[in-house]
Amino acid sequence: MKYVKRCFFKVILPVLCLFLMSSFSQAQTLGSLHLTPVHTNGFTIEGGMNLGQALKEMERQYNVVFLYRTDTMSGKKIGSTKILSSNVEKALNKLLEGQGLQYKYLNPKTYGIYEVQEEVNREDILPVQEQVAGTVTDVESGETLPGVNILVKGTSRGASTDSNGDYQLTVPSLQDTLVFTYIGYQRQEVPIGGRTELDVALQPQAIAGEELVVVGYGTMRKTDLAGAVSTVNEEEFERVPTTNPLMSLQGRSAGLRIVSNSGLPGASASIRVRGEQSIRGSNSPIFVVDGNITNNIDHINHQDIESVSVLKDASAVAIYGSRGANGVILVNTKRGSNDAQPAITFHTYGAVQEESNLKLDLLNADEFLEIYTEAYTNMGVSTPWDQEDLAQYQGVNSDWYGEMLSPGYLSNSNLSVSGGSDKSTYFVSTNYTNHQGMVMGTDYDEINLRLNTDHQIRDWLTFGNSLNLFSSKRNRLNG
């Protein structure tokens, strides 16, 4: 045991100490390589030499590598002859002086060269931001306007007002101009003028009278009116010879379906504005004639009608409540004009109705008996008639189409007188309609009388009446 200890202290311990000292020496050498620049004998760089070429000479002289972008050295030359130090970093400092370049130590044999980056103040990069706030209102009513678009003129920066009409917007400068736009209001440009609080009142956009139509409780532009209201004027009614004014509306109003209940003279018609709304209830619209609600207009002289408006949109019929659920048809009859001389108008027309070319080719008596006899024979039974019965029908051939149908005729005569003074107007008309049906024994006669007057009693009071009297007679076959 004592021998082992003596060996350890005499042999092994000195070896371990030598090894540790060697390792420490190597570590110190490596550290000095990182921290100590490369040295060599100094040398001279001639003036006028390209900087890139001078760096290559230094790489050979100092046994180092310079890393840089080629375009960084473009156009750069050595101004005057330079005597460089034996220290590579001192040599680089002298060589790059005035070139706008700097270097960075990467490892003992490598340096990076790059352009000098100017330090930029962050406050110089970010523009000054200013806050502008305010409220947008209606110039007439003073009510706040939600959803108004606000834009900084010449930029895409903007905001919109909230439900209370308030807005807050960040602008580049308090000398900018704000642009306010809102549907139904005039566009307005307002200079900020150094203010941070800016309240704006917008002017409603003027709308020409002919571009605006009153519907229900509000107004609607004509461009948006096609699906809500359709109107048929008096010229359309005069073109259609008919006893029922509803039939004059066929094909002249989108979404309006009119079907005659029968082909008899004077027959009524069914009309649907919004299609079928109820299985058991009525689907007919209501009629408003000169402001008075009625169930139909079958007995109104269609030549007394000035215009018919069909209200289909929910907003258009809102004023009529639940009664307008199936649509509303407004009928305006003709009235006189103020300061007008009496105008007498007489109008008459006639029309002929004929059967279509779909007349059936019916059997005559002989053909009828022949087919029935063959049918009974095929069934194996005897015919219910004998030859004596057949003899009395031979040669008989009645044209029942000709017996029952004949061309129909429709005539209408109308006489009207209209006029007025400075405060009163009148319109009087009488009409006679006669319709002979195509089916034997069917006809229709109607006499119609209308009186429309208006009297202005005061500037604020006008009295008017619309009176319509009629008498009709209808003949038809029972069966």
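For reference, each letter of the sequence shown is one residue, going -27 to -1, 1 to 452 in mature numbering (1 follows the signal peptide of the UniProt record, and there is no 0). The beta-carbon is built from N, C-alpha and C at its ideal position, and this holds for glycine as well.
If you check the beta carbons only, do residue i and residue j fall under 8 Å apart?
i           : j    : result
D41         : Y78  : The question names Asp, yet the displayed sequence has Tyr at residue 41. The answer is no: Cβ separation not under 8 Å.
L335        : Y366 : no
G393        : D312 : yes
residue 463 : T45  : The requested residue 463 does not occur in the structure, where the chain is confined to residues -27 to 452.
L147        : I123 : no
G138        : T110 : yes
Y405        : P238 : no
E279        : T318 : no
I51         : G21  : yes
N387        : N206 : no
K82         : V37  : yes
I302        : V283 : yes
S243        : V232 : yes
G309        : Y399 : yes
S391        : D427 : no
K285        : R247 : yes
Q409        : Y382 : yes
L65         : K49  : no
N370        : A338 : yes
L57         : F39  : no
Q176        : G157 : no
E208        : R225 : no
I259        : G228 : no
V144        : E113 : no
What is the DSSP secondary structure of residue i, counted as helix, strand or coil?
i           : result
F16         : coil
V283        : strand
R449        : coil
T45         : helix
G323        : strand
Q72         : coil
H428        : strand
residue 479 : Absent from the structure is residue 479, since the part of the chain shown begins at -27 and ends at 452.
V112        : coil
K307        : coil
S221        : helix
V38         : strand
N29         : A small correction: the amino acid at residue 29 is Lys; Asn does not occupy that position in the sequence shown. In this structure, K29 counts as helix in the three-state DSSP scheme.
S5          : In this prediction, S5 has a pLDDT of 36, which is less than 50 and means its spatial position is unreliable; what the coordinates show is noted afterwards. Here S5 sits in helix by DSSP.
V89         : coil
D339        : helix
E103        : strand
T267        : strand
S251        : coil
N168        : In the sequence as displayed, the identity of residue 168 is Arg instead of Asn. Three-state result, R168: coil.
G437        : strand
Q314        : strand
S386        : strand
N351        : helix
Please return the same chain residues whose Cβ sits closer than 7 Å to the Cβ of residue i, not counting the five positions on each side in sequence.
i    : result
Q75  : L69, Y87 and V89
D271 : N217 and S241
E170 : A106 and G107
N256 : R245, E249, Q250 and N299
E96  : In this prediction, E96 scores a pLDDT of 46, lower than 50, which makes its location untrustworthy; the coordinate-derived value is nonetheless stated afterwards. Correct list: empty, nothing qualifies.
D432 : none
F436 : H428 and I430
K332 : Y374
Strictly by DSSP, which residues pair up with residue i?
i    : result
P177 : Y158
N122 : S133 and T154
S226 : DSSP, once it has assigned bridges, lists no residue as partnering S226.
E419 : T406 and S445
G392 : Y399
L24  : DSSP, once it has assigned bridges, lists no residue as partnering L24.
S203 : V283
G381 : Q326
I260 : Rather than Ile, the amino acid found at residue 260 in this sequence is Phe. In the DSSP output, where bridge partners are listed per residue, F260 has T267 and I302.
L142 : V105
A242 : S233
Got a sec? Which residues, its chain only, sit under 6 Å from residue i by beta carbon, not counting five neighbours each side?
i    : result
G323 : S384
V163 : L151 and V173
V262 : V304
R423 : D277, S402 and N441
E444 : At residue 444 the sequence reads Ser, which differs from the Glu that was named. If we look at S444 and ignore the five residues flanking it on each side, its Cβ neighbours are I420.
P380 : V325 and E327
Near residue i, what residues of its chain come up, given a Cβ to Cβ distance below 8 Å and the 5 sequence neighbours on each side ignored?
i    : result
G120 : S133, T134 and Y155
E92  : In this prediction, E92 scores a pLDDT of 45, lower than 50, which makes its location untrustworthy; the coordinate-derived value is nonetheless stated afterwards. Answer for E92: no residue qualifies.
M377 : V412 and M413
I344 : L336
P315 : V390, S391 and G392
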